Amino acid sequence: MQRAFANRDEQRTFRDELEQMLRRGEPEAALERARSRLREVAGASPRLSELALNTHPHQIALSGWDALAASILSAEEHGNKSVTAIGIDFSWPGHFASTIKNGKTVLDFDAQGGFTPVLETNYFGDLREVKFSTATRSDILAGYSASGSEWQGGFIDIDNLIGVTGMDALYGAVQSSSPAEADSAESDASVISACISAILLHLAVKRHIEAEGLPKPMAVLVGSNEDFPFFDAPVMSVDESRAYVRPASPARPQAPSQRAGWQRSEPPRGETQRERVRPERYEQPRQNAGSFGDSEDLAAIARVAESQLRHVRKPKDILPALGTVGLFALTQYLGKRK
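Note that the numbering used here has the sequence shown beginning at 3, numbered continuously upward.
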């Protein structure tokens, strides 16, 4: 069957074009462009293509939004910094609902082959590189590069507060197809379908904000940080968000990183995986370089440790949880040495 792309370079260029459309604020056009190209190779992967062509933004719903104000307040209180942006990302599916077989992570699909996406909610404050409280869309776009973004890993707090329903079938089919750069029409269909799932999440967040509003003016970013196709784009900048602000009295917040049982295990590394580190890039006085003398640092490590270990259910989960704590402590240490 004839391919949608002449070669891998053309395939990557197409993905880049879709991401740029999202960044310019054109998600509807990006969805139609992706579906138009998918129709050329739909026969190579009929079930996946059918799901990608017929899953619509209005069928997708977000959960946890009613607790967003409380989560932001909690992050601000414990991080001692105003939250000026949130990021909602597809994360590596193996973080949840997975088992280890023969040393490999195997996803636990439902009986119909569906899989609920794993989302991360990141809470950002103004950084030296990007001040979200005043940044326009153009300012935010200037913070992107081929390897990621200026704010990558620079969150105040992170959890899995926001969930998504209505796209399990498509997302499960995408994960089963293992999208990758390969020279076949079937691979083209898989790659385009993965792009469509990322665009649909972007559109779902946009539609939800338009319907339910935001608790405060802030930038909202949506991406797929640890999951192919690794898109990252602003749904809106702070100035664009003001029309949707609907202040509410938040419920009493919980401690950070405990609100929705967030946990992380180490994903397999690949050439397309973007680096996730948490350098200290906020504008604040530095303490003793290369040490953990700061009580705030120790408290942050303790919170991550508590969050990780409280959700350990199986022996196989212990080492990934400890690895996450160690990685967090290491990035804290390296951040102080800069």
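Cβ coordinates follow ideal geometry from the N, Cα and C atoms, glycine included. What you are looking at is a predicted structure, and each value in this text was computed from that prediction instead of being measured.
In the DSSP annotation of this structure, the continuous segment of the beta strand (DSSP E) that includes Pro236 starts and ends at 234-238. Taking all protein chains in view, the Cβ of Val247 is surrounded by fewer than 16 other Cβ atoms within 10 Å, so the residue is classified as exposed.
The criterion of a C-beta distance shorter than 9 Å is not satisfied by Asp234 and Val222. Residue pairing by DSSP places Leu216 opposite Val247 in a beta bridge. In this structure Leu203 does not touch Thr57 by the C-beta definition: roughly 11 Å separates them, more than the 8 Å allowed.
Setting aside the 5 residues that flank it on each side, Ser186 is surrounded in the same chain by Arg5, Ala46, each with a C-beta closer than 8 Å to its C-beta; the list follows chain order.
With a beta-carbon spacing of about 16 Å, Ala69 and Thr167 fall beyond the 8 Å limit used to define contacts.
In its chain, beyond the 5 residues on either side, Ala137, Thr138, Arg139, Ile142, Ala221 have a beta carbon closer than 7 Å to the beta carbon of Ser239. No residue range can be given for Ala44, since it is assigned to no beta strand (DSSP E) and is classified by DSSP as neither H nor E. From the listed residues Thr118, Glu30, Phe232, the smallest Cα separation to Arg209 is found for Glu30.
As for any beta strand (DSSP E) of minimum length 3 sitting wholly inside the region 185-229, the runs are 221-225, ordered along the chain. For Phe16, the enclosing alpha helix (DSSP H) starts and ends at 10-25. Taking a 10 Å sphere around the C-beta of Asp161, we find 16 or more other C-beta atoms and assign the residue as buried. Selection Ser189, Ala245, Ser199 evaluated against Met3 yields Ser189 as nearest (Cα-Cα).
Around the Cβ of Arg17, a 10 Å sphere holds 16 or more other Cβ atoms; the residue is buried. Secondary structure note for Leu109: its beta strand (DSSP E) is the uninterrupted segment 106-109. Each of Phe230, Ile201, Pro219, Arg244 was checked against the Cα of Arg25, and the nearest Cα belongs to Ile201. Among the bridge pairs identified by DSSP, Leu121 is matched with Phe92.
Here Ala71 is not near Gly127, since their CB atoms are 9 Å or more apart. Phe134 is not bridged by DSSP to any residue. When only Cα atoms are considered, Gly155 and Tyr125 end up about 10 Å apart.
Annotation: the continuous alpha helix (DSSP H) that includes Leu70 extends over 70-81.
With a threshold of 16 other beta carbon atoms within 10 Å, Pro236 meets it and is buried. Excluding five sequence positions before and after Leu53, the CB atoms of its chain that fall closer than 6 Å to its own CB belong to Ala171, Leu172, Ala175, given in chain order. Excluding its 5 nearest sequence neighbours in each direction, Leu33 has C-beta neighbours in its own chain below 6 Å: Ile201, listed in chain order. Residue pairing from DSSP leaves Phe7 without any beta-bridge partner.
Comparing alpha-carbon positions, the option among Ser93, Gly145, Cys197 lying closest to Met23 turns out to be Cys197.
A distance below 9 Å separates the beta carbons of Phe111 and Gln177.
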